[in-house]
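Asks: Can you read through this structure? Questions will come right after.
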Amino acid sequence: MKLLAMLCFSCLLYYINAAQGLEQECTRFMSQSLVRYRTKNLRSSAIGSPLTEAVRVLHEYQFNCSSTITSLIMGIDVRAGLRLFPSVQVFRKIGGSSQYDLVIGSERVIYYGTSNVSTSGVFEYPLNPPIPVMSGDLLAVSQPSPAFSIVRVHYIDNVQGVRFSSSQYAFGTRSGVNLNNPLITNQLILIYPVTDGYCVNSINSITPSIVREYGFKVQQSQMFSSRRQYLYPDMLFSCNGSVTKWIFG
């Protein structure tokens, strides 16, 4: 069951830090933006699908200078009790050919889980260490079998007015990525690379706000079962304070 798809009775707790007089969000509670979105869309169904077991090369994003990818904005779901994680990596052109091979050391595994995830609905995953990139490099995401994955990266088919360029290779591909292979343009893959120095361009003008917007749509609300009490041990109060408001759906 999706971590974020289980709430129709959606609630957000805020507290006031009395010492500083600042409103803060508690650890692992749903963000206000997600709660407000879900309360306005209680009857809407989730859209999109998890990526299949494959390497998806994101031709959509073109790096135009030497920089580092510091984080990824993603539309994902996170589940418990499984064992596999997706990863991202960089492919680089070999000489004057049209072939790209994996840059050794560029892979970063996305180690989200139900105990450390930020339940904001759209996830910005910090890369530590960041991934160095050069002009002309290609970013790719490797999704293991979605049936056994704790984290699943999502895509959405045929979004009106939105194109996204990618290509697909067998899971585990490390070489032989070719620019001459046919591109998939009707699947919006919910990943956006954040770089140090604004060194990424999108062929089809994909922006962080687009990924965030559609990242909300891969989740859905459900009714609580009646006459039950639910506890959420992963949601923590990180300091002393007071509950000042509830938002219900």
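All the letters of the sequence shown, read from the start, carry residue numbers -18 to -1, 1 to 231 under mature numbering (1 follows the signal peptide of the UniProt record, and there is no 0). The C-beta atom is built at its ideal place from N, Cα and C for all residues, glycine as well.
Can at least three beta-carbon pairs, one atom from the region 76 to 93 and one from the region 180 to 187, be found at a separation below 8 Å?
Replies: They do not touch, by the three-pair rule.
Asks: Buried or exposed for Asp178, going by 16 or more other Cβ atoms inside 10 Å?
Replies: Numbered from its first residue, the sequence shown carries residue 178 at position 196. Exposed, since its Cβ has fewer than 16 Cβ neighbours within 10 Å.
Asks: Pull up the distance between the alpha-carbon of Pro51 and that of Pro111, whole angstroms please.
Replies: If you number the sequence shown from 1, residue 51 lands on position 69. If you number the sequence shown from 1, residue 111 lands on position 129. The amino acid occupying residue 51 in the given sequence is Ile; Pro does not appear at that position. Near 9 Å, if we compare the C-alpha coordinates of Pro111 and Ile51.
Asks: If we ignore side chains and look at the alpha-carbon of each, how far apart do Phe153 and Glu35 end up?
Replies: In the sequence shown, counting from the first residue as 1, residue 153 sits at position 171. In the sequence shown, counting from the first residue as 1, residue 35 sits at position 53. Approximately 6 Å, taken between the alpha carbons.
Asks: Check each candidate in Asp59, Tyr82 and Leu24 and name the one with the smallest Cα separation from Asn163.
Replies: Reading the sequence shown from its first residue, position 181 is the one you call residue 163. Per the Cα distances, Tyr82.
Asks: How many angstroms separate the CA atom of Leu54 from the CA atom of Ser148?
Replies: The count along the sequence shown starts at 1 and reaches residue 54 at position 72. The count along the sequence shown starts at 1 and reaches residue 148 at position 166. About 17 Å.
Asks: From Gly87 to Gly30, what does the alpha carbon distance come to, in whole angstroms?
Replies: Along the sequence shown, one-based indexing puts residue 87 at 105. Along the sequence shown, one-based indexing puts residue 30 at 48. When rounded, the distance between both Cα atoms is 31 Å.
Asks: Would DSSP call Gln6 helix, strand or coil?
Replies: Within the sequence shown, residue 6 is the residue found at index 24, counting from 1. Residue placement at Gln6 cannot be trusted, given a pLDDT of 48 that sits under 50; what the coordinates show is reported in the next sentence. Looking at Gln6 - three-state DSSP - the assignment turns out to be strand.
Asks: With distances taken between CB atoms, is the gap from Leu170 to Val141 smaller than 7 Å?
Replies: Taking the sequence shown and counting its residues from 1, the one referred to as residue 170 is at position 188. Taking the sequence shown and counting its residues from 1, the one referred to as residue 141 is at position 159. Yes, these two residues count as a Cβ contact at 7 Å.
Asks: Using C-beta distances below 7 Å, list every residue in its chain close to Pro114, excluding the 5 sequence neighbours before and after it, in chain order.
Replies: Your numbering for residue 114 matches position 132 in the sequence shown. Here the set comprises Thr50.
Asks: Mark Lys199 as exposed unless 16 or more other C-beta atoms lie within 10 angstroms of its C-beta, in which case mark it buried.
Replies: One-based indexing of the sequence shown puts residue 199 at position 217. The residue is buried, with at least 16 neighbouring Cβ atoms inside 10 Å.
Asks: Would you tell me roughly how many angstroms separate the C-alpha atoms of Trp228 and Leu40, rounded to the nearest one?
Replies: Mapped onto the sequence shown, residue 228 falls at position 246. Mapped onto the sequence shown, residue 40 falls at position 58. Roughly 40 Å separates the two Cα atoms.
Asks: Excluding sequence positions up to five away, which residues of its chain have a Cβ less than 8 Å from the Cβ of Val91?
Replies: Residue mapping note: residue 91 aligns to position 109 of the sequence shown, counting from 1. The answer, listed in chain order, is Phe67, Pro68 and Ser69.
Asks: With burial defined as no fewer than 16 other Cβ atoms inside 10 Å of the residue's Cβ, what is the status of Phe105: buried or exposed?
Replies: One-based indexing of the sequence shown puts residue 105 at position 123. Result: buried.
Asks: Could you give the residue range of the beta strand (DSSP E) that holds Tyr93?
Replies: Locating residue 93 in the sequence shown gives position 111, counting from the first residue. Segment: none, Tyr93 is in no beta strand (DSSP E) and carries neither H nor E.
Asks: Judging by CA-CA distance, which residue of Arg61, Tyr137, Glu42 and Tyr43 is the nearest neighbour of Ser131?
Replies: For the purposes of this step, residue 131 is taken as residue 149 along the sequence shown, with counting starting at 1. Out of Arg61, Tyr137, Glu42 and Tyr43, Arg61 has the C-alpha closest to the C-alpha of Ser131.
Asks: Just mark Asp139 as buried or exposed, buried being the case when its beta carbon has 16 or more other beta carbons within 10 Å.
Replies: For this step, residue 139 is matched to residue 157 along the sequence shown. That one is exposed.
Asks: How far does the alpha helix (DSSP H) with Tyr180 in it extend, from its first residue to its last?
Replies: Here the question's residue 180 lines up with position 198 in the sequence shown. Here Tyr180 belongs to no alpha helix (DSSP H), and DSSP marks it neither H nor E.
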